[in-house]
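Trainee: Numbering (my numbering), first residue to last: 37 to 171.
Where a beta carbon is used, it is the ideal one built from N, C-alpha and C, also for glycine.
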Amino acid sequence: MNVIKYRDGYRYQLAEGYAVQTAIFPPRHIATDFIILATNGMLIINGGYAWDGPSGPSFDSKNFMRGSLVHDALYQLMREGKLSERWREMADRKLQRICIEDGMWKIRAWWVYRAVRDFGGSSAAVCKQTILEAP
37 MNVIKYRDGY RYQLAEGYAV QTAIFPPRHI ATDFIILATN GMLIINGGYA WDGPSGPSFD
97 SKNFMRGSLV HDALYQLMRE GKLSERWREM ADRKLQRICI EDGMWKIRAW WVYRAVRDFG
157 GSSAAVCKQT ILEAP
């Protein structure tokens with residue numbers, strides 16, 4: 037029987053590559069199939085990357101999508117053990133700044149930042165994602 041292997045938990049898929057400068061400077065160049073983080077802080081997310089969008093008690097507004105993409109990519113590098121969790125606060129601040137740049141009210145962006153600071157630690161912790169099979 038033919039079996040597929042897949043992962044769940046994603047709602048969005050990036051249609052085109054995206055690059056953004058960060059203040060996160062890993063000691064070595066990091067590259068996965070979909071995410072590149074250079075030592076100069078340049079983050080490149082390749083087209084096809086899948087992420088779950090904004091998490092928690094929130095809604096997926098346009099002023100939250102770019103920030104959630106960048107934040108999820110950085111947290112994924114942490115979960116995979118490729119980026120030190122010491123960069124977590126910088127990733128959380130980048131989320132806040134991007135949301136404000138994209139038109140989110142500063143008070144909402146502050147609450148977004150507080151939420152990821154207070155409740156996001158387990159999402160950045162090193163872990164291996166379960167691979168599912170069907171049928």
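Please report the distance separating the alpha-carbon of Gly103 from that of Ala160.
Mentor: If I take the Cα positions, the gap works out to 16 angstroms.
Trainee: So which of Gln49, Val106, Glu116, Thr68 has the shortest CA-CA distance to Gly83?
Mentor: Distance from the Cα of Gly83 is smallest, within the candidate group Gln49, Val106, Glu116, Thr68, for Gln49.
Trainee: Cα separation between Ala51 and Leu105?
Mentor: 12 angstroms
Trainee: What are the start and end residues of the beta strand (DSSP E) that includes Glu169?
Mentor: 168-170
Trainee: Do Ile71 and Ala55 have their C-beta atoms within less than 7 angstroms of each other?
Mentor: no
Trainee: Are the CB atoms of Met203 and Ile40 nearer to each other than 7 angstroms?
Mentor: Not covered by the structure: residue 203. The range shown for the chain is 37 to 171.
Trainee: Give me the Cβ distance between Asp108 and Asp88, rounded to the nearest whole Å; I'm assuming they're in contact under 8 angstroms.
Mentor: 7 angstroms
Trainee: Taking the alpha helix (DSSP H) that Val106 belongs to, which residues open and close that run?
Mentor: Note, Val106: alpha helix (DSSP H), 98-115.
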